[in-house]
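Down below is the structure, laid out as structure tokens.
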Amino acid sequence: MNTHPTLPEFDYLRPRTLAEASEFLSTHPGDARPYMGGTDVLVRMRDGILTPRFLVDVKGLDGTNDVHFDPRTGLTLGAAVNMNRVIASPAVRTHYALLTEACRSVASYPLRTRATVVGNICNASPAGDTIGACLALDGVLHIHRVHGPRQVWR
Ligand SMILES: Cc1cc2nc3c(=O)[nH]c(=O)nc-3n(C[C@H](O)[C@H](O)[C@H](O)COP(=O)(O)OP(=O)(O)OC[C@H]3O[C@@H](n4cnc5c(N)ncnc54)[C@H](O)[C@@H]3O)c2cc1C
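If you're matching positions, the sequence shown starts at 16 in the working numbering and goes up one per residue.
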């Protein structure tokens, strides 16, 4: 048994826009995966569970690094915002304390500088600590696709 598994070979891609990322992902189904913090996807690749040929870095595209609160429309959390930034946000702490608490319960400070709430949701583990908070707070997921946006809520 290999007690020190390593990452398989893959190509790293950094598209410039969400449209470019969506186009590439849609034309390489099964071969390409989006990634943000990598705290799930890289571990799964190292363990041989996932074997994508391409990792598509979708951090920071088209406003996905933004945290924005509007009293009328609520909180908009960019997909690439890491959990420490969520915890540090006064708006989140004041209006969405459950989300602050959920993020704080995840692993450790260093891991939370990489891990994102959206990555936690997309990984879809039943143990995902922020998923329940997003559901309880009536979160809506805005998905970017080649054929226009889609929204998902419970
Ligand atoms: C040591 C350790 C401790 C951990 N402890 C906890 C814990 O206490 N609680 C907990 O809930 N989790 C924990 N995790 C799991 C992990 O850190 C979280 O699930 C994290 O939130 C994943 O976010 P990420 O940005 O790193 O996702 P990534 O690894 O980048 O991606 C996760 C999944 O989502 C997909 N994805 C990523 N971005 C997108 C996108 N924009 N659109 C569509 N799909 C996308 C990827 O393809 C992948 O399948 C731990 C992990 C490690 C390694």
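Where a beta carbon is used, it is the ideal one built from N, C-alpha and C, also for glycine.
Please read these numbers as outputs of a predicted model, since none were measured by experiment.
For this session: Please work out which residues of its chain come closer than 6 Å, Cβ to Cβ, to K74, disregarding the five sequence neighbours upstream and downstream, and give them in chain order.
Result: Residues M51, A95 of the same chain have their beta carbon placed closer than 6 Å to that of K74, with the five preceding and five following residues left out of the count.
Exercise. With respect to 7 Å, is the separation between the Cβ of V82 and the closest non-hydrogen atom of ligand 1 below this value?
Worked result: No - ligand 1 has no heavy atom lying nearer than 7 Å to the Cβ of V82.
Exercise. Roughly how many angstroms lie between the CA atoms of H162 and G134, to the nearest whole one?
Worked result: 22 Å
For this session: Within 10 angstroms of the Cβ of D81, are there 16 or more other Cβ atoms? Answer buried if so, exposed if not.
Result: exposed
Exercise. Any heavy atom of ligand 1 closer than 7 Å to the CB of V101?
Worked result: no
Exercise. Is M131 near ligand 1, in the sense that its beta carbon is under 7 Å from a heavy atom of that ligand?
Worked result: The question names Met, but residue 131 in the sequence shown is Thr. Yes - ligand 1 has a heavy atom lying nearer than 7 Å to the Cβ of T131.
Problem set entry | Beta-carbon gap between P20 and R61 smaller than 8 Å | yes
Problem set entry | Rounded C-alpha distance that separates F84 from E24 | 40 Å
Exercise. In three-state DSSP terms, what is R29?
Worked result: coil
Exercise. Cα-Cα, which of G143, G53, F69, R31 is closest to H43?
Worked result: F69
For this session: Classify L156 as helix, strand or coil using the three-state DSSP reduction.
Result: strand
For this session: Return helix, strand or coil for G93, following the three-state DSSP convention.
Result: coil
Exercise. Tell me the DSSP bridge mates of T131?
Worked result: N97
Exercise. Do you know how far the Cα of F39 is from the Cα of D55?
Worked result: 21 Å
Problem set entry | Cβ-heavy atom distance, T54 to ligand 1, below 7 Å | yes
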